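Heads up: the sequence shown runs through residues 1 to 321, numbered per the UniProt record's numbering. Here a beta-carbon is modelled for each residue, glycine too, at the ideal position from N, C-alpha and C. Just so it is clear, the structure is predicted and the values come from calculations on it, not from any experiment.
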Amino acid sequence: MESLLWLWEAKIQHSELIRAVLISPVIVVAFSWYVWVCMKQIHLNSKLPPGPPGLLIVGNIPFIDPELHTYFAKLTNKYGPIFKLKLGSRLLIVLGSPELAEVVMKKFDSTFANRAPTIAGMILGYNGSDMVFTKYGPHLRNVRALCVREILSKSSLDSFSALRQQEVRRCLRSLYAKVNTPVNIREEMFLIMLNVITNMMWGSTFNDEEKVKIGLEFRKRAEEVLDYLGRTNISDFLPVLARFDLQGVERGMKEQISWLDPFFESMIDQRMKLDQEMKLNGDQDGQENKVKDFLQVFQQLQDQGESKVPFTVTNLKALFM
């Protein structure tokens, strides 16, 4: 009996020894990682401006006042005109002085040109194919110059003045025909803007039936997109939570894009087919005399090889978004 007890105790001691041998490396690795993180943080903080202390993982997120202007004003009075904030995995440098902001915007504009991507923004911009979240470089400079030169220039905007006048007159006639009946002015104004913008983008407007049907749905989708873009998404600051999509931002944005993407795709395809048919029929004079829209300018640049950076249909859809 005593021998059995001795064997049992020996077995327990052996198991504890094995457990200790297995656990010790884990403890050593965890402790080493903690020391490394602390040393790295100390080294990083030595080169950064002062700022309020935060928690280990979430940083200053729990302490931020919803009224940011008053919150930043208090921190500026306490830490000076430049201070840091840690929002989850993101480090922010806040400038509380007009003089510092002027220096950064003028002298170091290209250094700070990149924007921190958000989940909603990357979905809307086709993973950074737009002008907002794409990285600063030749592609962004080329696209920005193209938009300023061909779309936003004074001559280009003036060329569409007749279209704007036509749409305003159409709206006034529509309102006049609805005398003594309720009218949704907001809806009418949105349809005017939608018709003008689509004509500037790909040279087409909708007829009355399409305009009401598509316009209402487009406005609904646009409002949803703006709502998701404006939400504070915790997954943007703690990427480890992105896979769970706790606030439904990723799911909701993809739902809106599932309608907008085919819409823009069909508009681009229709316009490209129309241009091809006009080329085959030899109707070049009508095309040259017509005011050029953005899609037509894009096609000409691609055909002539003048575009310095490859510009795909995906880039076009991202710009339209």
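Item checked: As assigned by DSSP and simplified to three states, the class of residue 87 -> strand
Check: Between the segment 249-256 and the segment 114-122, do three or more beta carbon pairs fall short of 8 Å?
Finding: yes
Check: Should residue 111 be labelled buried (16 or more other beta-carbon atoms within 10 Å of its own) or exposed?
Finding: So residue 111 counts as exposed.
Notebook entry, point to check: Of the residues 219, 278, 224 and 236, which one's Cα is nearest the Cα of residue 115?
Noted result: 236
Item checked: Check whether residue 218 and residue 196 have beta carbons under 8 Å apart -> With contacts defined by Cβ atoms closer than 8 Å, residue 218 and residue 196 do not form a contacting pair.
Notebook entry, point to check: So what does DSSP say about residue 75, is it helix, strand or coil?
Noted result: helix
Next item on the list: For residue 227, I'd like the list of residues in its chain whose CB is within less than 7 Å of its CB, leaving aside the five on either flank, ordered along the chain.
Entry: none
Checklist line | Option nearest residue 200 by Cα separation, candidates 245, 163, 181 and 264 | finding: 163
Next item on the list: Please classify residue 202: is it buried, with 16 or more other beta-carbons within 10 angstroms of its beta-carbon, or exposed?
Entry: With 16 or more Cβ atoms within 10 Å of its Cβ, residue 202 is classed as buried.
Next item on the list: Return the bridge partner residues of residue 92 from the DSSP annotation.
Entry: Per DSSP, 85.
Item checked: As assigned by DSSP and simplified to three states, the class of residue 55 -> Correct three-state label for residue 55: strand.
Margin query: Could you tell me the alpha carbon to alpha carbon distance between residue 240 and residue 233, rounded to whole angstroms?
Written below: 13 Å
Check: Going by the beta-carbon positions, is the gap between residue 229 and residue 211 smaller than 8 Å?
Finding: Their beta carbons are not under 8 Å apart, which means residue 229 does not touch residue 211 by this criterion.
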